[in-house]
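*Asks:*
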Amino acid sequence: MISENTKATREQLFITLYKKAFPATAKYISKMGGSFDEAKDVFQDALVIYYEKIVSEQIAAHTNEKAYLLGIAKHLWLQKYREDRPNVPFDSAGMEPVIEETTSPAAEKLMHYLETAGQKCMEILKAFYYDSLPVKQLADLFGYASTRSATVQKYKCLEKVRDTVKQKSLTYEDFLE
Amino acid sequence: MNEIKQIEDHLLRLAPPEDSLVFEAKMILDNDLHHRVLLQQQTYALVQQYGRKTLKAEIEAVHQQLFNNPAQHSFVNKIRSLFKK
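Chain order of the listed sequences is A and B.
At position 68 of the first sequence (counting the first as 1) the number is 112 in the numbering used here, and the numbers step up by one without a gap.
At position 62 of the second sequence (counting the first as 1) the number is 70 in the numbering used here, and the numbers step up by one without a gap.
1. In or out: ALA52 (chain A) buried (at least 16 other Cβ within 10 Å) or exposed?
2. Got a sec? Which residues, its chain only, sit under 8 Å from LEU19 (chain B) by beta carbon, not counting five neighbours each side?
3. How is LYS210 (chain A) classed by DSSP in three states: helix, strand or coil?
4. Step through the CB atoms of chain B and report whether any lies within less than 7 Å of the CB of SER74 (chain A).
5. Nearest to LYS64 (chain A) by alpha carbon, out of A:GLY77, A:GLU96, A:ALA111 and A:PRO178?
6. Using Cβ-Cβ distances below 7 Å, what residues of the region 183-199 of chain A are close to chain B?
7. So with Cβ pairs under 7 Å, would you call ILE103 (chain A) a contact of chain B?
8. What are the start and end residues of the alpha helix (DSSP H) that includes LYS64 (chain B)?
9. Using a beta-carbon distance below 7 Å, is ILE59 (chain A) in contact with chain B?
10. So, does the CB of LYS170 (chain A) fall closer than 7 Å to a CB anywhere in chain B?
11. Would you say ARG206 (chain A) faces chain B, with C-beta separation under 7 Å as the test?
12. On the DSSP letters alone, give me the boundaries of the alpha helix (DSSP H) that GLU152 (chain A) sits inside.
13. Is ASN49 (chain A) buried or exposed, if buried means 16 or more other CB atoms sit within 10 Å of its CB?
14. What residues of chain B sit near GLN88 (chain A), judged by a beta carbon separation below 8 Å?
15. Looking at VAL99 (chain A) and SER193 (chain A), is the spacing between their C-beta atoms short of 7 Å?
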């Protein structure tokens with residue numbers, strides 16, 4: 045867990061990780077014939093995976109970040125390589141998660157709606173469920189007097205977004221399959 | 009709100025197994041409840057997607073900050089030189 049996980053501490057973390065691990069990743073991708081932009085994409089996806097692993101406490105923070113990030117980046121690269129060139133057999137033992145980005149147009153419309161009309165709630169829910177902030181910190185960050193009222197608010201937001209999903213799923217029918 | 013929390017406990021597997029069984033039985037009998045569970049599941053997925061999107065934007069901002077900062081000149085050159093053919 046990152047102590048005091050805020051936007052500012054995340055920024056510091058990513059700067060540190062960039063400086064520590066991006067050179068090795070870029071070197072690898074370049075050696076494999078990839079471009080700067082490909083190295084960048086692969087590295088950024090690796091950072092997302094790394095972040096999700098530490099906040100969900102699936103790995104301990106600071107356990108050789110450089111080796112870990114490079115490992116994920118290599119895996120992502122091999123996967124991409126195999127997808128782009130399906131005729132080349134490539135055996136990279138399936139190890140780590142993939143970043144899936146299959147969103148339907150309806151889901152995108154819904155997301156856009158939530159980002160604009162319901163941003164405050166999305167921020168609260170993200171802080172709790174995605175960034176795994178403890179309720180105490182959630183209360184401080186969003187200005188609630190107690191952990192109790194922060195918890196109540198969290199459920200209210202959950203309900204509000206769920207209602208939106210319901211309402212919109214009737215409009216954007218390809219949303220709920 | 010109570011039901012929202014119950015659904016959450018069920019979906020995030022926070023409830024003890026015996027409660028989960030009772031809940032599953034309820035869902036079979038109550039179609040509307042089942043529907044609300046599906047909607048809530050979809051909601052968590054959206055929050056996850058929103059979280060990722062926000063995080064990616066934060067990472068990209070860091071990238072821009074590093075690669076456009078004169079003070080990081082040697083770091084940037086080191087990387088760029090790897091891609092010069």
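Virtual Cβ for every residue (Gly too), placed ideally from N, Cα, C.
*Replies:* Taking the definition as stated:
1. Taking the first sequence and counting its residues from 1, one reaches residue 52 (chain A) at position 8. It is exposed - the Cβ of ALA52 (chain A) has fewer than 16 other Cβ atoms within 10 Å.
2. Looking up residue 19 (chain B) in the second sequence gives position 11. Only VAL45, GLN48, GLN49 and TYR52 meet the Cβ criterion.
3. Taking the first residue of the first sequence as 1, we reach residue 210 (chain A) at position 166. Note: LYS210 (chain A) maps to helix in three-state DSSP.
4. By 1-based counting over the first sequence, the position of residue 74 (chain A) is 30. Taking Cβ atoms only, chain B reaches closer than 7 Å to SER74 (chain A), which makes this a yes.
5. Within the first sequence, the letter at position 20 stands for residue 64 (chain A). Checking every option, the nearest Cα to that of LYS64 (chain A) belongs to A:ALA111.
6. TYR199
7. Taking the first sequence and counting its residues from 1, the one referred to as residue 103 (chain A) is at position 59. Answer no: the Cβ-Cβ gap between ILE103 (chain A) and chain B never drops below 7 Å.
8. Here the question's residue 64 (chain B) lines up with position 56 in the second sequence. It spans 39-75 - the alpha helix (DSSP H) in which LYS64 (chain B) sits, taken as one unbroken run.
9. Within the first sequence, residue 59 (chain A) is the residue found at index 15, counting from 1. So, interface residue.
10. By one-based count along the first sequence, residue 170 (chain A) stands at place 126. With 7 Å as the cut-off, LYS170 (chain A) counts as an interface residue toward chain B.
11. Walking along the first sequence from the start, residue 206 (chain A) turns up at place 162. At least one chain B Cβ lies under 7 Å of ARG206 (chain A).
12. In the first sequence, the residue the question calls residue 152 (chain A) occupies position 108. 149-161 is the span of the alpha helix (DSSP H), which, as asked, contains GLU152 (chain A).
13. The residue you call residue 49 (chain A) lines up with position 5 of the first sequence. Flag for ASN49 (chain A) reads buried.
14. Against the first sequence, residue 88 (chain A) aligns to sequence position 44. The contacting residues are LYS64, ILE67, GLU68 and HIS71.
15. Here residue 193 (chain A) refers to the residue found at position 149 of the first sequence. Here residue 99 (chain A) refers to the residue found at position 55 of the first sequence. Not in contact: SER193 (chain A) and VAL99 (chain A) (Cβ atoms no closer than 7 Å).
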